[in-house]
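For reference, the structure is listed below as structure tokens.
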Amino acid sequence: MEITTIKKFWEKWEAQTLSPLATLSTKSRGRERPENECELRNCFQRDRDRIIHSKSFRRLKHKSQVFLSPEGDHYRTRLTHTLEVSQISRTIARGLRLNEDLTEAISLGHDLGHTPFGHAGEEALQEIRPGGFKHNEQSLRVVEFIERDGKGLNLTWEVRDGILRHSKTRDLNMEKVSKENLPHTLEGQVVRWSDMIAYVNHDIDDAIRAGVITQCDLPQDCLEILGETHRERINRMVKDVILNSVDNSSVTMSAPVRNATQKLRNFLFETVYFGEYQKVEREKAKRLIKELYQFFLENLKVLEKEYRINLYYQDVNLIVCDFISGMTDRYAMAIYRKYFIPFSWPQEGMGKEIN
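Below, the structure written as structure tokens:
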């Protein structure tokens with residue numbers, strides 16, 4: 026059997042098996058720069074592979090999710106969050122007979138532009154950079170321009186659209202969200218919900234592990250609808266999305282589950298994300314990011330040395346933002362120590378003799 030025959034088999038399987046509302050790989054809007062097709066993989070599989078092999082994807086393992094530079098082995102990082110989103114997305118996509126390859130590619134790429142120190146880093150860049158900062162827009166910039174030394178990954182239109190439009194407002198009611206802010210594919214909408222399902226549940230898990238909240242602190246009326254345990258809540262949310270989205274032109278939750286999820290999410294914002302426990306460390310992280318940003322703006326030769334990029338004919342604020350948003354937590358702290366913290370003098374007698 027020829028390799029191309031295998032690909033054609035799966036393309037035929039897509040057309041015969043997936044929902045009429047699914048995005049077929051053979052119907053993709055394509056890439057900005059035309060390429061020869063792979064003999065084995067469809068276009069969305071190639072996008073997934075390019076993302077996994079990218080430098081920005083590898084750096085996610087050292088970027089904070091909620092707790093800044095956590096010392097424990099079991100706290101989520103931006104990478105493990107991404108993998109959980111991918112798993113949930115594939116489950117929902119399969120339940121709805123949508124394209125799993127597309128949902129997986131969007132899931133794996135959705136947070137590539139996230140800053141060090143989680144949302145604290147995002148807030149710092151939002152406040153200091155002219156024009157602000159949004160991690161979903163930066164994720165798109167990563168795959169379109171930054172990766173491969175400025176060439177980008179040249180992903181399909183559907184994956185780029187899903188990455189750009191994955192972020193949610195504080196209100197989860199999809200009817201209140203304008204269509205222009207929603208992903209154009211149902212697969213992208215699946216990722217949008219899966220991102221929220223993942224972080225609401227794993228952030229509760231991490232916050233309880235850290236001692237920031239206890240199980241008893243969680244809103245009881247939400248638990249009665251969604252479940253008492255991590256497993257029960259994810260199962261309830263995922264099933265609800267599938268049952269309420271089958272053969273629909275949008276992906277959504279039922280009102281009771283959506284409202285309970287909304288309340289649980291608001292609880293996390295008030296007690297964990299912006300709670301007193303995190304406040305001091307968040308401010309430290311924001312100050313570090315802002316000082317690095319201002320330092321590189323005022324010392325372009327240092328920036329050019331560290332980032333190894335040609336600064337001519339480019340928006341310097343944008344380049345500084347690219348550099349800092351791409352940092353891991355530990356690299357940001359190392360760069361800060363390098364340029365802001367004095368080195369210790371060697372022990373007496375260890376230095377060069379002065380005559």
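In terms of this note's numbering, the sequence shown is residues 26 to 380. Note that CB positions come from ideal geometry on N, CA and C, so glycine has one too. Quantities reported herein were computed from a predicted structural model and do not represent experimental measurements.
Beta carbon of residue i nearer than 8 angstroms to that of residue j
i	j	result
Glu142	Asp354	Residue 142 is actually Phe in this sequence, not Glu. Cβ distance < 8 angstroms, so Phe142 and Asp354 count as in contact.
Arg66	Ser89	no
Thr210	Glu172	no
Leu385	Ser44	No statement about residue 385 is possible, as the shown extent of the chain runs from 26 to 380 and does not include it.
His135	Asp246	no
Arg261	Val276	no
Glu36	Thr48	no
Asn342	Pro59	no
Glu27	Asn179	no
Leu243	Ile229	yes
Val225	Arg185	no
Arg73	Leu133	yes
Lys33	Glu64	no
Ile113	Val263	yes
Nearest residue (CA-CA) to residue i, options the options
i	options	result
Tyr318	Ile334, Ile233 and Tyr364	Tyr364
Ala118	Lys193, Leu46, Gly146 and Ile344	Leu46
Gly175	Phe368, Cys241 and Tyr332	Tyr332
Ser274	Lys204, His135 and Asp136	Lys204
Tyr100	Asn291, Glu306, His227 and Tyr361	His227
His144	Leu325, Asn161 and Gly156	Asn161
Thr29	Leu293, Glu62 and Ser53	Glu62
Phe92	Ile366, Asn324, Phe368 and Glu301	Glu301
Arg307	Ile259, Glu147, Trp370 and Ser270	Glu147
Ile267	Ser81, Phe82, Leu123 and Ser79	Leu123
Ala357	Glu64, Phe321, Ile259 and Lys326	Phe321
Gln303	Pro367, Gly236, Glu39 and Val263	Gly236
His78	Val168, Val263 and Asn324	Val168
Phe292	Gln240, Asn324 and Asn269	Gln240
Glu295	Phe368, Ala232 and Leu325	Ala232
Thr286	Ala310, Phe299, His255 and Lys309	His255
Asn269	Trp218, Lys80 and Ala359	Trp218
Ala359	His87, Trp38 and Thr42	His87
Ile153	Lys326, Lys311, Leu325 and Leu189	Lys311
Sequence-distant residues of the same chain with beta carbon closer than 7 angstroms to residue i, five excluded per side
i	result
Phe170	Gly177
Gly55	Thr181 and Trp182
Arg115	Glu125, Thr128 and Glu129
Gln163	Gly138 and Ser350
Ile379	Model confidence at Ile379 stands at a pLDDT of 46, short of 50, so the residue's coordinates are unreliable; what they give is reported in the following sentence. Answer for Ile379: no residue qualifies.
Gly157	Gln151
Trp370	none
Lys288	Pro244 and Cys247
Ala40	Leu49
Asp265	Met278, Ser279 and Val282
Close Cβ partners of residue i (< 8 angstroms) along its chain, the five nearest in sequence each way excluded
i	result
Arg166	Gly138 and Asp347
Ile344	Leu328, Tyr332, Ile334 and Leu336
Glu257	Leu251
Tyr361	Leu313, Glu316 and Leu317
Ser53	Cys68, Phe69, Thr181, Trp182 and Glu183
Distance between beta carbons of residue j and residue i, contact taken as under 8 angstroms
i	j	result
Ile314	Leu150	7 angstroms
Ser279	Thr140	Their Cβ separation, rounded to whole angstroms, is 34 angstroms, which puts Ser279 and Thr140 out of contact at 8 angstroms.
Ile238	Val305	That pair is no contact at about 17 angstroms.
Phe82	Ile76	6 angstroms
Contact set for residue i: own chain, Cβ-Cβ below 6 angstroms, skip 5 residues either direction
i	result
Gly187	Ile131, Pro208, Gly213 and Val216
Met352	Pro141
Ser111	Glu129, Ser132 and Leu133
- prompt: Is the segment 248 to 255 touching the segment 104 to 124 in the sense that three or more CB pairs, one from each, lie closer than 8 angstroms?
  reply: Not touching, per the Cβ criterion.
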